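Numbered according to numbering that gives the first Met the number 0, the sequence shown spans residues 0 to 476. From the three backbone atoms N, C-alpha and C, an ideal C-beta is built for every residue, glycine too. From a predicted model like this one, the values you see are computed outputs, not experimental measurements. Here is the structure we will look at.
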Amino acid sequence: MPTSPSDPAARSGRSAPYDLAVIGAGPAGLAAATTAADLGLSCALLDAGPRPGGQYYRHPAPGLGAAHPERLHHDWPAFARLSARLDAHTREGRIDHLAEHQVWTAERGEVWTLHATLGPAADGRAAVRARAVLLATGAYERQLPFPGWTLPGVVTAGGAQAMLKAGLVLPGRRIVVAGSGPLLLAAASSLVAAGAAVPAVVEATGYLGYARGLGTLAANPAKLAEGARHGAVLLRHGVRLRRNSAVVEVHGTDRVTGVTVARLDADWRPVPGSGRRIDCDAVATGHGLLPQIELATELGAETRRAPDGAVALRVDDGLRTSLPGLWAAGETGGVGGADLAIAEGELAARVIAGRPVPAALKARRRRRRAFAELMAAAHRPGPGWTDWLRADTDVCRCEEVPAGRIREAVEELGAGDARTVKLLTRAGMGWCQGRMCGPAVACLAGDTAPPADSRPLACPVPLGQLAGLAPAADPAD
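Right, here's the structure in full:
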């Protein structure tokens, strides 16, 4: 069974380092850990969540009594197979599944040391040592603010799915789904299948970007079939798809009561006079995903700019990063979905184990990665979206920094990049550390290529754990 946070072995570590430590138990992490164990490696699988699956395979807690959790996913059999392999390897001692272990920093060396927090208690910490590390931390959603986005009832598209998958609840009864990217169709089809009314899916692009990669589309028929399935569900429920459009304002006082949707030009600027109101009680919004790579960038790993402007880790054909001993699989190398993540997890594990990689696996990874790059280019945000912001629209929710103050920092105080704006306004200095507002702040600052975030702590850590770091770092002491 997965190791619990109260297990003394999880707190003290073990005398011998693991062959491989995998950070993240989503599709890439599960595939990597189970493949590595198949090949004879000792493996630690660390994850911040209480159960495996990550965000993609998020599922209800057993206490909720969900009879058919598979109905909330379009590829549940893949997770069931990975989960069964994980259970078998944990029983046989080849994988230690360290649940609720949130890794906040790593020390490089011939043997790596990963430091994890297990909760708020001063002794709720663990140190895990391994000869190789694979980063499979996934991604988080990109948000572009608009007037009213801080009202109760506005959630991220992935958040709406998480509420449904993990809690079996809906963010509202009549939900507008808005933003850009394939996650919108998946979220909308899940919501209507669960009984919600979705009056519109509001997509900022027109999907014409996919026409530049007809060969890539033809090489990925499963992706086309997946999109067709979501489209069929929406068509059956009478959901209207509004392309080249965006939610430019949310209405309500204590709760969402409606939205204004406007057409966009080629640069994502709202077309004057095109606004139309849609009544609703919730909005699920998002503009794609951003790789979660803070652990690697703090150590100096090289990055690349994805076609949608996101910063991802640079990896070679064997999924090695620029740091010896560190590999990355799945969304950390560029967002591409569960199929790609599983393929990269398997491939990286084989490389780490020194085993040949089957040609079919290499080809599968190339096809899926090519589709990911095409998808990113097709949904890249246009620069004109800032035109739908008012001066009093909060951009940084944590620190309540409005767009007007950021523009003042740029136009009157000379800030020319996101870091300077942050120093002048505190935008990005709150609890989320810029994960919600970072892309928007960079765009308002005219920072077309902001650097990857680098911070010594990848997540909040209690001071008591930092104070006790030295004895916790070496279990032999």
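In the DSSP secondary-structure assignment, Gly-285 is bridged to Gly-178. Looking from the CA of Leu-184, the closest CA among Leu-213, His-73 and Gly-92 belongs to His-73.
For the pair Val-314 and Ala-327, the CB atoms are nearer than the 8 Å cut-off. DSSP, read as helix, strand or coil, puts Ile-94 in strand.
If you draw a straight line from the Cα of Leu-456 to the Cα of Ala-187, it comes to about 35 Å. For Trp-267, DSSP assigns no beta-bridge partner whatsoever. Under the DSSP assignment, Leu-207 falls outside any beta strand (DSSP E); it carries neither an H nor an E label. The three-state secondary structure of Pro-438, taken from DSSP, is helix. If you draw a 10 Å sphere on the C-beta of Trp-384, you find 16 or more other C-beta atoms in it, and that means buried. Nearest neighbour of Gly-344 by Cα position, chosen from Ala-159, Arg-235 and Ala-27, turns out to be Ala-27. As the crow flies, the alpha-carbon of Leu-97 is around 19 Å from that of Ala-348. For Val-232, the enclosing alpha helix (DSSP H) starts and ends at 220–235.
Rounded to the nearest angstrom, the Cβ distance from Gly-123 to Gln-464 is 7 Å, consistent with a contact under 8 Å. Between the stretch 239–257 and the stretch 274–284, the count of C-beta pairs closer than 8 Å reaches three or more; the two stretches touch. Rounded to whole angstroms, the gap between the alpha carbons of Glu-91 and Lys-421 is 50 Å. Excluding its 5 nearest sequence neighbours in each direction, Ala-221 has C-beta neighbours in its own chain below 8 Å: Asp-338, listed in chain order. Annotated three-state conformation of Ile-22 is strand, per DSSP. Secondary structure note for Ile-277: its beta strand (DSSP E) is the uninterrupted segment 275–278. Collapsing the DSSP output to three states places Trp-326 in a strand. Sorting Ala-300, Leu-318, Ala-30 and Thr-149 by C-alpha distance to the C-alpha of Ala-83 places Ala-30 at the top.
Within the stretch 382–434, the alpha helix (DSSP H) runs of at least 4 residues that lie entirely inside it are, in chain order, 402–410 and 417–424. Classified as exposed, Val-168 has fewer than 16 neighbouring CB atoms from the shown chains inside 10 Å of its CB. Taking a 10 Å sphere around the C-beta of Ser-14, we find fewer than 16 other C-beta atoms and assign the residue as exposed. Linking Leu-190 to Val-110 through their CA atoms gives a straight-line distance of about 46 Å. Judged by beta-carbon spacing, Ala-65 lies within the 8 Å limit of Pro-59, meaning their Cβ atoms are closer than that value. The criterion of a C-beta distance shorter than 8 Å is satisfied by Pro-461 and Pro-119. When Arg-128, Leu-85, His-88 and Ala-87 are compared, the shortest CA-CA separation from Thr-104 is found for Arg-128. If one requires a minimum length of 3 residues, the beta strand (DSSP E) runs lying completely within the stretch 81–147 are 94–97, 101–106, 111–116, 124–129, 132–134 and 138–140, in chain order.
Leaving aside the five residues that flank Thr-155 on each side, the residues in its chain whose CB is nearer than 6 Å to its CB run, in chain order, Glu-140 and Gly-285.
Here the alpha carbon of Arg-130 sits roughly 8 Å from the alpha carbon of Ala-20. If you draw a 10 Å sphere on the C-beta of Trp-387, you find 16 or more other C-beta atoms in it, and that means buried. By the Cβ neighbour-count rule, Leu-81 is buried, with 16 or more other Cβ atoms within 10 Å of its own.
The alpha carbon of Asp-307 has as its nearest neighbour, out of Pro-357, Pro-380 and Val-282, the alpha carbon of Pro-380. According to DSSP, Ser-244 shares a beta bridge with Arg-262. In the three-state reduction of the DSSP assignment, Gly-251 falls in the strand class, which pools E and B.
For Arg-304, the secondary structure class from DSSP, reduced to helix, strand or coil, is strand.
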